[in-house]
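Those letters in the sequence shown? Residues 82 to 289, per my numbering, in order.
Heads up, the beta-carbon is just placed ideally off N, CA and C, and yes, glycines get one too.
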Amino acid sequence: MCGFTNLFLKDFPHIKSNFILKKKKYEYFLGDSGFDAVDNYKYLYADHNIKPIIPLRRAPSLPEPGFNEDGIPTCPNDPTLPMKFDGITRGKNRADRIKWLCPKSKKTRIDRKTTYILSCDNPCTESYCGRVCQIPIHNDFRMNTAVPRNSTLWNALYKIRTIIERTNFMIKFPMALNYTKLYNTTSLKSELVISAITQQITLLISNS
Numbered sequence: 082m083c084g085f086t087n088l089f090l091k092d093f094p095h096i097k098s099n100f101i102l103k104k105k106k107y108e109y110f111l112g113d114s115g116f117d118a119v120d121n122y123k124y125l126y127a128d129h130n131i132k133p134i135i136p137l138r139r140a141p142s143l144p145e146p147g148f149n150e151d152g153i154p155t156c157p158n159d160p161t162l163p164m165k166f167d168g169i170t171r172g173k174n175r176a177d178r179i180k181w182l183c184p185k186s187k188k189t190r191i192d193r194k195t196t197y198i199l200s201c202d203n204p205c206t207e208s209y210c211g212r213v214c215q216i217p218i219h220n221d222f223r224m225n226t227a228v229p230r231n232s233t234l235w236n237a238l239y240k241i242r243t244i245i246e247r248t249n250f251m252i253k254f255p256m257a258l259n260y261t262k263l264y265n266t267t268s269l270k271s272e273l274v275i276s277a278i279t280q281q282i283t284l285l286i287s288n289s
C-alpha cells in the first residue's frame, strides 16, 4: 500500500485489466486512507460490485451535522449516540439502501417473530422500533459504504490490511527492493517476483 493521498484506481491500468482478465470474483477491496476518494468508491461498488474497506481521511473541520466522523448517522436527540447498522434494504426497481436503527432500540425474536424493544425515555418518533434512517448507497458512495465503518465486519477485514503492509515492508526494505536502480519494467517485475518467492520460502522454513 502507498502512503500518498488521492490515489485513483481508474488511473492504474493493471487494476482494470486484472478485473477483466481474472475470472475470480472479488468481494472486498482493502485500502488505506490514500484511496479515500469518491471516484474510487463509485469505481469499486457501482462499476465492479466490490465492497470498499477504506477509512476516511480525517478533516480538521467538524463532521457533518447528524453524522459522526465515521459517516454513521447519529441520534437526533443525542449526537454522541451512533445509530445501529440494520442491514441493506433491497427492493425491485429501487436503489439499495443502508438501514440504520435507533441506538436505543433492540432487535430481537419473540415467538419466532422479529420485533423491536425500545428503551428511550424521550423518543423522537411514534414508531414502536424507534427512529429508522435509510440512506441510498448511490447518493454518496464514499460515506454510505456497503460495509459500515467501525462495524465488526469492517474492523475484522481492515485488520487484514496490516498483514499486507508488513509484507510490503519486508519486500521493500529487508530485501532492498525499495532501493533498486532498475528502470526496466520487466526486470523490476522479475525482482519483485523473486523477492516474493524468497519471502514465501522464509515463511515455510520458519513454520516447518
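Distance check between residue 124 and each of 168, 219, 210, 197 places 219 closest, using alpha-carbon atoms only. Assigned with DSSP and collapsed to three states, residue 263 falls in coil, not helix or strand. Taking the Cα positions, residue 160 is about 53 Å away from residue 262. Remark: C-beta atoms of residue 153 and residue 235 do not approach each other more closely than 8 Å.
Distance from the CA of residue 266 to the CA of residue 272, rounded to the nearest whole angstrom, comes to 10 Å. By the Cβ test, the stretch 106-124 is not in contact with the stretch 201-210, since fewer than three Cβ pairs between them sit closer than 8 Å. With a cutoff of 8 Å on beta-carbon distance, residue 216 and residue 178 are scored as near each other. Counting along the chain, residue 180 sits inside the beta strand (DSSP E) bounded by residues 178-182.
Spanning the alpha carbons of residue 276 and residue 283 requires a straight line of approximately 11 Å.
When the beta-carbon positions are compared, residue 232 and residue 148 stay at least 8 Å from each other. Here DSSP, grouped into helix, strand and coil, assigns residue 105 to coil. Around the beta carbon of residue 228, 16 or more other beta carbons sit within 10 angstroms, so the residue counts as buried.
By the neighbour-count criterion, in which 16 or more other beta carbons inside 10 Å mark a residue as buried, residue 226 falls on the buried side. With a threshold of 16 other beta carbon atoms within 10 Å, residue 212 meets it and is buried.
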